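Numbering (the working numbering), first residue to last: 442 to 1164.
This is the structure:
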């Protein structure tokens, strides 16, 4: 069985175990989180003495109210003996001895009282945290709508059972893993791998001065001197890159590369940014799942022109600098853009607001409307072709995409300017023509387009054809670390010697992200086989990769990653432990089923492998992959008839499962069992993936056996040219 391709995770969800059977008063002792105060972190009160005006701006902001101890001045929700039933869950909100309590009767009948320990945010919604055992804090599903002054459920209308990972007592709502880093200052997660517990600490409970400006002790000492040098010993984020390094860590969907986070450090030295793939974004790169701004902003012309966050937002109050179109007219000429000649709508209406055409939005968390920061021009023509959203039809909901596209043509002409979204949409197609693939290969190395879009196209295309590797070799020299990272990962299937050759220069890349990608190419290669002058780089990069694995081990996908890591290190038993823990934390981490079954099969524990795949099939009955893997197991056991049946089932479940078609074709070709059937199956696979070299090669072999030498030689010649 083939080991499943490593999957990276961004703000993923995990599962925890907590029984709610008998009615108990939940009053677990709250750890003293502020006990961990770095000697260099001095607290915002020290800053206030010199920066009083700035402190006043910050006071009451979203950063200031990011998290607070629950008390009468911070809790906004109605706990005045209120009873309410939402989605089958009964709540009773009340106070007792100045504590805020919620009694919860779950849909399974379990009842518990929970003491509110902390508040989270304040508008447009406020959430509430409860202390659990093992240092864990959980975020209640029931949430206070601070605009309409009422209780509501996120995931409205869904029935969530207590064993579901989405349930508030489980991993989706675990504060330590999912939320804490971006709501407090100098937070240390403090996860213990063996006990699956936390000792989470912070310097200050909310997002204070030192969250962005870094620890202030040296700055205070500098300010107190009569004679000062030119270095203020504080981070200010004056350039675009420096400022984004401060804002992006908490305004991005990303994975941590290290536990040792430092304010102001280059983003790619600390995080892996989620690509704008169709898993989290619309296929054209517009927001779908929460992206927290940065992934969108990197797509924009604003970013390309050097615009910074504080060009629009006050850095301390976080408020917009100007109201309405005046914000945009700081840079864009009013005579040209604030005119019906540009937007073709009446002035002083919502339709004439720049943001309603160029910053469409979506409601998250039940009532929080957030705008897309890719600042794009509406493309209803793409909507008509691909089903993506557009600003025009979000207002004109009674009209069709075609109607909106025609309006755009009548106003701005028939041709649309070339845009990266065209390449993104194309790269999401299942089958590409040769010319389409060539156009995407050119796009990948065209520096005029956003790096995040080019990196995503690399990810979408999956370069299995070595004839196209020259595209990736060029991408390895790209100025963007994310592009270099994605390009490197495409070489993981090559031979060890080829991987060594490609990786060696990137093991000493200037950014941790790229070094980690290079390390993945050589994990299974002993350091001593490298030239002595490179060995230290190999050791360091491998150590950084291992550190990343353990940094994210509290995520279920982190355990999946650790399992993959140990598989590459040929430690199958340790890999099995982490795959099982991944599924224990979250039974919906589907790659873990594949990888766990693979590990069991390597240890020749076939019964366990089949059990795991059967569980996966139950979870995803409309997926062909479990059947495909069961077929491979049956082949290993010389149970050909059962294997064939599973491959046929895989194709029936997923008509685009070309790997099952290829395996069936190979089976009937070997020993010339049935060349006609072999030809039928490989033809079906080639209809879906015509450019796959493996499929073309098998097709040529079949033709050769059928005596169709001319046709076979034509394919062999084409493949030779590609090589």
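Where is the CB? At the ideal position from N, CA and C, for every residue including glycine. Quick caveat: nothing in here was measured; it's all calculated off a predicted structure.
Exercise. So, using beta-carbon positions, are residue 917 and residue 925 closer together than 7 Å?
Worked result: yes
Exercise. Hey, is the region 480–500 in contact with the region 667–675, meaning 3+ C-beta pairs nearer than 8 Å?
Worked result: Under the three-pair Cβ rule at 8 Å, the region 480–500 does not count as touching the region 667–675.
For this session: Compute the Euclidean distance between the alpha carbons of residue 1027 and residue 566, then round it to the nearest angstrom.
Result: 27 Å
For this session: Identify the continuous alpha helix (DSSP H) that holds residue 783 and give its terminal residues.
Result: 781–784
For this session: Check whether the Cβ atoms of residue 994 and residue 634 sit closer than 7 Å, and answer yes or no.
Result: yes
Exercise. Can you name, in chain order, every residue of its own chain whose Cβ lies under 6 Å from the Cβ of residue 952, other than the five neighbours on each side?
Worked result: 709, 710 and 922
Problem set entry | Which listed residue (739, 877, 1053 and 600) has its alpha carbon closest to that of residue 549 | 600
Exercise. Hey, is the region 1031–1048 in contact with the region 1056–1075, meaning 3+ C-beta pairs nearer than 8 Å?
Worked result: yes
For this session: Could you work out which residue in 799, 781 and 809 is closest to residue 743 when comparing CA atoms only?
Result: 799
For this session: Tell me where the alpha helix (DSSP H) around residue 1004 begins and ends.
Result: 997–1009
Exercise. Between residue 467 and residue 579, what straight-line distance do the alpha-carbon atoms span, to the nearest angstrom?
Worked result: Any reading at residue 467 is ruled out, since the residue's pLDDT is 43, under 50, leaving its predicted position unreliable.
Exercise. Where does residue 508 sit, in a helix, a strand or coil, going by DSSP?
Worked result: Strand at residue 508.
Exercise. Would DSSP call residue 405 helix, strand or coil?
Worked result: In the structure as shown, the chain begins at 442 and stops at 1164. Residue 405 is therefore absent and cannot be evaluated.
Exercise. Going by beta carbon distance, what residues of the same chain come within less than 7 Å of residue 459, once the five residues before and after it are set aside?
Worked result: Per-residue confidence for residue 459 stands at a pLDDT of 27, beneath the threshold of 50, marking its modelled position as unreliable; no derived number is given.
Exercise. To the nearest angstrom, how far is it from the Cα of residue 960 to the Cα of residue 864?
Worked result: 30 Å
Exercise. Does the beta-carbon distance from residue 525 to residue 616 come in below 7 Å?
Worked result: no
For this session: Assuming residue 568 and residue 575 form a contact by the criterion Cβ under 8 Å, report the distance between their Cβ atoms to the nearest whole angstrom.
Result: Incorrect: roughly 21 Å between the Cβ atoms, too far for contact.
For this session: Look at the Cβ atom of residue 928, then the Cβ atom of residue 899, and state whether they are nearer than 7 Å.
Result: yes
Exercise. Can the beta-carbon of residue 571 be found closer than 7 Å to that of residue 555?
Worked result: yes
For this session: Assess, as a yes-or-no matter, whether the region 837–845 is touched by the region 817–825 under the definition of 3 or more beta carbon pairs within less than 8 Å.
Result: yes
For this session: Using 10 angstroms around the beta-carbon of residue 672, count the other beta-carbons present and answer buried if the total reaches 16, otherwise exposed.
Result: exposed
Problem set entry | Span of the alpha helix (DSSP H) around residue 1090 | 1081–1094
Exercise. So, is residue 855 buried or exposed, given that buried needs 16 or more other C-beta atoms within 10 angstroms?
Worked result: Residue 855 comes out exposed.
Exercise. For residue 568, which beta-bridge partners are listed by DSSP?
Worked result: 561
Exercise. Between residue 687 and residue 653, is the Cβ-Cβ spacing less than 7 Å?
Worked result: yes
Problem set entry | Closest by C-alpha distance to residue 852, when choosing among 840, 786 and 1119 | Comparing Cα-Cα distances from residue 852 to each of 840, 786 and 1119, the minimum goes to 786.
Exercise. Among the residues of its own chain, which have a CB less than 7 Å from the CB of residue 519, if the five just before and after it don't count?
Worked result: 534
Problem set entry | Backbone secondary structure at residue 648 - three-state DSSP | coil
Problem set entry | Run of the alpha helix (DSSP H) containing residue 1055, from where it starts to where it stops | 1047–1060
Problem set entry | Contacting residues, own chain, Cβ-Cβ under 6 Å from residue 971 (five flanking each side not counted) | 979
Exercise. Are the Cβ atoms of residue 835 and residue 801 separated by less than 7 Å?
Worked result: yes
For this session: State the Cα-Cα distance for the pair residue 1140 and residue 861, rounded to the nearest angstrom.
Result: 36 Å
Exercise. When DSSP builds the beta bridges, which residues end up paired with residue 812?
Worked result: DSSP output for residue 812 lists 802 as bridge partner(s).
Exercise. Looking at the structure shown, is residue 580 part of a helix, part of a strand, or coil, going by DSSP?
Worked result: strand
Exercise. Which word fits residue 1166, buried or exposed, when buried means at least 16 other C-beta atoms lie within 10 angstroms of its C-beta?
Worked result: Look at the range of the chain in this structure, 442 to 1164, and you will see that residue 1166 is not part of it.
Exercise. With a cut-off of 7 Å, does the C-beta of residue 1074 fall near any C-beta of chain B?
Worked result: This model lacks chain B altogether, as it is built from one protein chain only.
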